[in-house]
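K.L.:
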Amino acid sequence: VEIYFKDRMSPSRLYTASVMPPLPLSSFNVSSNFCTEENISECILYINQELSSLCFPPIFQNSDSIRDLDAVVALNNIHDLLQLHRRAVGMMEELEVEQLKSSSDLHYQHLTNSRLKDQLELSKKENMRLHERERQLETNLKTLQNCLKDTKEEVQRLQGIIASRAIQYNHDIKRREREHNRVKERLNQLLIAKKENKQGMEVLNYVGRSDGRRCLWKTGKTESRHEGDMYKTLLSEFDNRQRELMVENIELKKVLQQMKREMVGVLNSKKMSQKEEKQSNDMDQSTLQTNSDDDELLKGHPEMSCDHAREKLTNSIRQQWRKLKHHVERLDSQASMVQDEDSEEVISKQLHEEEMERLKLEIQQCKEFIETQQQLLQQQLNTPCDEETAAVLNDSYMLEEKERLKEEWKVFEEQRKNFEMERRNFTEAAIRLVTTLKVQCKWRYCLLKLWQFNAYSYGS
Numbered sequence: 001v002e003i004y005f006k007d008r009m010s011p012s013r014l015y016t017a018s019v020m021p022p023l024p025l026s027s028f029n030v031s032s033n034f035c036t037e038e039n040i041s042e043c044i045l046y047i048n049q050e051l052s053s054l055c056f057p058p059i060f061q062n063s064d065s066i067r068d069l070d071a072v073v074a075l076n077n078i079h080d081l082l083q084l085h086r087r088a089v090g091m092m093e094e095l096e097v098e099q100l101k102s103s104s105d106l107h108y109q110h111l112t113n114s115r116l117k118d119q120l121e122l123s124k125k126e127n128m129r130l131h132e133r134e135r136q137l138e139t140n141l142k143t144l145q146n147c148l149k150d151t152k153e154e155v156q157r158l159q160g161i162i163a164s165r166a167i168q169y170n171h172d173i174k175r176r177e178r179e180h181n182r183v184k185e186r187l188n189q190l191l192i193a194k195k196e197n198k199q200g201m202e203v204l205n206y207v208g209r210s211d212g213r214r215c216l217w218k219t220g221k222t223e224s225r226h227e228g229d230m231y232k233t234l235l236s237e238f239d240n241r242q243r244e245l246m247v248e249n250i251e252l253k254k255v256l257q258q259m260k261r262e263m264v265g266v267l268n269s270k271k272m273s274q275k276e277e278k279q280s281n282d283m284d285q286s287t288l289q290t291n292s293d294d295d296e297l298l299k300g301h302p303e304m305s306c307d308h309a310r311e312k313l314t315n316s317i318r319q320q321w322r323k324l325k326h327h328v329e330r331l332d333s334q335a336s337m338v339q340d341e342d343s344e345e346v347i348s349k350q351l352h353e354e355e356m357e358r359l360k361l362e363i364q365q366c367k368e369f370i371e372t373q374q375q376l377l378q379q380q381l382n383t384p385c386d387e388e389t390a391a392v393l394n395d396s397y398m399l400e401e402k403e404r405l406k407e408e409w410k411v412f413e414e415q416r417k418n419f420e421m422e423r424r425n426f427t428e429a430a431i432r433l434v435t436t437l438k439v440q441c442k443w444r445y446c447l448l449k450l451w452q453f454n455a456y457s458y459g460s
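Those letters in the sequence shown? Residues 1 to 460, per the UniProt record's numbering, in order.
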């Protein structure tokens with residue numbers, strides 16, 4: 001034991017060992033010379049102080065005599081110190097193992113965190129892709145619904161046109177049958193009249209009647225009386241026909257005025273701009289002037305011929321159709337301007353162009369129909385005929401013209417309703433376009449906000 005402490009004690013610590021407090025074991029270096037022959041007593045005192053500070057029993061029995069060293073206590077203390085050292089080494093090894101485990105767990109957690117971040121990014125991308133697919137499907141569904149609605153409206157319109165044309169054809173057939181029957185009756189009357197007036201051989205020896213009575217003599221009085229009755233009946237029929245024509249003329253003028261008012265009301269829409277309102281007002285004033293001129297002409301000449309009135313009517317209808325065509329073209333230009341300003345088109349341009357082509361074809365057909373009527377009327381006026389046949393034909397033509405005007409009025413009402421429906425659909429489409437643009441702006445704002453939030457979260 002003395003040799004051990006001589007080796008452990010250094011002469012540089014000779015003075016500091018008795019003055020300084022006991023230091024921890026880790027502060028000493030193993031390779032230093034702790035004990036020498038000169039500082040054995042100081043080393044023993046230092047060791048004793050260290051052991052007492054560590055709650056170990058002192059290694060000598062009497063503190064006054066340093067030579068009374070207890071070997072058993074010293075060995076026990078050394079053994080306890082070795083046990084403590086082993087425990088400390090074992091605990092250090094356990095702590096190192098725990099540290100390795102914790103570092104491996106931390107590395108595994110980092111790997112799992114990165115993997116979960118990748119999965120989250122993939123799931124977000126998949127979610128965005130699914131949202132985009134859903135939006136595309138919704139847009140396709142809306143377009144298909146609009147196409148279905150347009151096809152249904154087209155089918156209804158075609159069914160209405162077919163029904164109206166069937167009614168018109170049936171009416172034309174009935175009218176032609178009535179006209180044919182009238183012409184046949186008139187021809188029979190003319191043939192009977194010609195047979196009565198036919199010159200032939202007179203019977204000299206007339207056979208008397210079976211009852212023995214004598215027939216009445218054909219004198220000038222009887223013939224003049226029958227002729228006067230015939231003239232009276234003709235005059236009464238002519239007066240009745242003239243009254244009927246006057247009534248029909250008044251009714252036709254009322255219908256014409258109503259048509260003009262309706263068409264002027266259609267042309268004067270409320271949503272026109274100021275320039276268009278001025279133009280339409282000028283057009284309305286011109287139409288009203290022309291209408292007043294026509295009314296004055298019709299009022300000033302109540303005995304005007306039916307052909308002239310018919311020409312006036314066709315000309316006015318042609319002018320109104322031209323104005324309606326210009327108004328439709330102006331609406332088409334406005335719709336094209338709105339579609340150029342907006343980025344997306346809600347109503348299909350192809351359908352709009354097809355509708356415009358259809359309206360132009362109908363207008364062209366109406367023009368051709370009016371021109372054919374004028375040609376037929378001109379041919380009729382050029383062909384010579386009797387006064388009675390002309391009166392009968394004029395009567396039939398007036399009835400035909402009245403019925404045709406009624407049918408054209410029905411067609412015009414249907415076209416006006418279709419035009420109002422198209423204008424309403426156009427306004428609704430513009431409203432839907434504005435709402436879709438607002439929804440798209442909101443969706444873009446939400447997407448930008450989500451992208452900024454994701455960028456901030458990934459950056460942090």
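Just so it is clear, CB atoms sit at the ideal spot from N, CA and C, and this is done for glycine as well.
On a predicted model such as this, the values are computed, not experimentally measured, just so you know.
Based on Cα-Cα distance, which residue from Trp443, Glu355, Gln365 and Gln375 lies nearest to residue 468?
P.N.:
Because the chain here runs from 1 to 460, residue 468 falls outside it and cannot be looked at.
K.L.:
Does the pairing of the segment 414–434 with the segment 367–379 give three or more beta-carbon distances under 8 Å?
P.N.:
no
K.L.:
Using the Cβ count rule (16 or more neighbours within 10 Å means buried), how would you classify residue 461?
P.N.:
Coverage of the chain is limited to positions 1 through 460, which leaves residue 461 absent and any answer about it impossible.
K.L.:
Is it true that the CB of Cys43 sits closer than 9 Å to the CB of Phe34?
P.N.:
yes
K.L.:
Reducing DSSP to helix, strand and coil, say where Phe34 ends up.
P.N.:
Phe34 falls in the strand class under three-state DSSP.
K.L.:
Less than 7 Å between C-beta atoms, sequence neighbours within five positions excluded: which residues of the same chain meet that for Thr233?
P.N.:
none
K.L.:
Is the Cβ-Cβ distance between Leu405 and Leu252 less than 9 Å?
P.N.:
With respect to Leu252, Leu405 sits close: the two C-beta atoms are nearer than 9 Å.
K.L.:
Considering only the beta carbon of each residue, do Lys402 and Glu154 sit closer than 9 Å?
P.N.:
no
K.L.:
Assuming Asn48 is part of the alpha helix (DSSP H), what are its boundary residues?
P.N.:
Ile40 to Ser53
K.L.:
State the DSSP-derived secondary structure class of Ile161, mapped to helix, strand or coil.
P.N.:
Correct three-state label for Ile161: helix.
K.L.:
Only counting the same chain, and skipping five residues up and downstream in sequence, which positions put a Cβ closer than 7 Å to that of Pro11?
P.N.:
Low confidence applies here, because Pro11 scores a pLDDT of 36, under 50, leaving its location unreliable; read the following figure in that light. Thr36, Glu38 and Asn39, listed in sequence order.
K.L.:
Can you give me the C-alpha to C-alpha distance between Asn181 and Lys152, rounded to a whole angstrom?
P.N.:
43 Å
K.L.:
Tell me which residues share the same chain as Gln99 and place their Cβ nearer than 8 Å to its Cβ, disregarding the 5 neighbours each side in the sequence.
P.N.:
none
K.L.:
Is Lys410 near Ser236, with beta carbons less than 9 Å apart?
P.N.:
no
K.L.:
Where does Ile78 fall in DSSP's three states?
P.N.:
DSSP places Ile78 within a helical segment (H, G or I) once states are collapsed to three.
K.L.:
Count the other CB atoms within 10 Å of the CB of Lys323; is the residue buried (16 or more) or exposed (fewer)?
P.N.:
buried
K.L.:
Note down the Cα distance separating Leu130 from Phe419, rounded to an integer number of angstroms.
P.N.:
41 Å
K.L.:
Taking all protein chains shown into account, do 16 or more other C-beta atoms lie within 10 angstroms of the C-beta of Asn48, making it buried, or fewer, making it exposed?
P.N.:
buried
K.L.:
Is Ile3 helix, strand or coil by DSSP?
P.N.:
Note that Ile3 scores 35 on pLDDT, short of 50, meaning its location in the model is unreliable; the coordinates nonetheless yield the value given after this. Residue state, collapsed to three classes: helix.
K.L.:
Helix, strand or coil, according to DSSP, for Phe56 in the structure here?
P.N.:
In the structure shown, Phe56 sits in coil (DSSP, three-state: anything other than H, G, I, E or B).
K.L.:
Indicate the three-state DSSP secondary structure (helix, strand or coil) for Trp451 in the structure shown.
P.N.:
In this structure, Trp451 counts as helix in the three-state DSSP scheme.
K.L.:
Between Asp118 and Leu137, what straight-line distance do the alpha-carbon atoms span, to the nearest angstrom?
P.N.:
The C-alpha of Leu137 is placed about 28 Å away from the C-alpha of Asp118.
K.L.:
CA-CA distance, Gln365 and Gln242?
P.N.:
Rounded to whole angstroms, Gln365 to Gln242 spans 34 Å at the Cα level.
K.L.:
What's the call for Tyr445, buried or exposed, on a 16-neighbour Cβ count within 10 Å?
P.N.:
exposed
K.L.:
Whose C-beta lies closer than 8 Å to the C-beta of Gly160 among residues of the same chain, with five residues either side of it excluded?
P.N.:
Glu414
K.L.:
Should Asn127 go down as buried or exposed, given a rule of 16 or more other Cβ atoms within 10 Å for buried?
P.N.:
exposed
K.L.:
Got a sec? Which residues, its chain only, sit under 6 Å from Leu51 by beta carbon, not counting five neighbours each side?
P.N.:
Asn77
K.L.:
By alpha-carbon positions, which one of Ser53, Leu54 and Ile59 ends up nearest to Lys41?
P.N.:
The sequence as given places Ser at residue 41; Lys does not occur at that position. When only C-alpha atoms are compared, the closest one is Ile59.
K.L.:
Taking 9 Å as the cut-off, decide whether the C-beta atoms of Gln168 and Glu407 are in contact.
P.N.:
yes
K.L.:
Within 10 angstroms of the Cβ of Arg231, are there 16 or more other Cβ atoms? Answer buried if so, exposed if not.
P.N.:
A small correction: the amino acid at residue 231 is Tyr; Arg does not occupy that position in the sequence shown. Looking at its Cβ environment, which holds fewer than 16 other Cβ atoms inside 10 Å, Tyr231 is exposed.
K.L.:
Whose CA, out of Thr143, Tyr108, Asp105 and Leu122, lies closest to the CA of Arg432?
P.N.:
Thr143
K.L.:
Less than 9 Å separating the beta-carbons of Leu359 and Asp150?
P.N.:
No, Cβ-Cβ distance for Leu359 and Asp150 is not below 9 Å.
K.L.:
Note down the Cα distance separating Gln440 from Arg157, rounded to an integer number of angstroms.
P.N.:
35 Å
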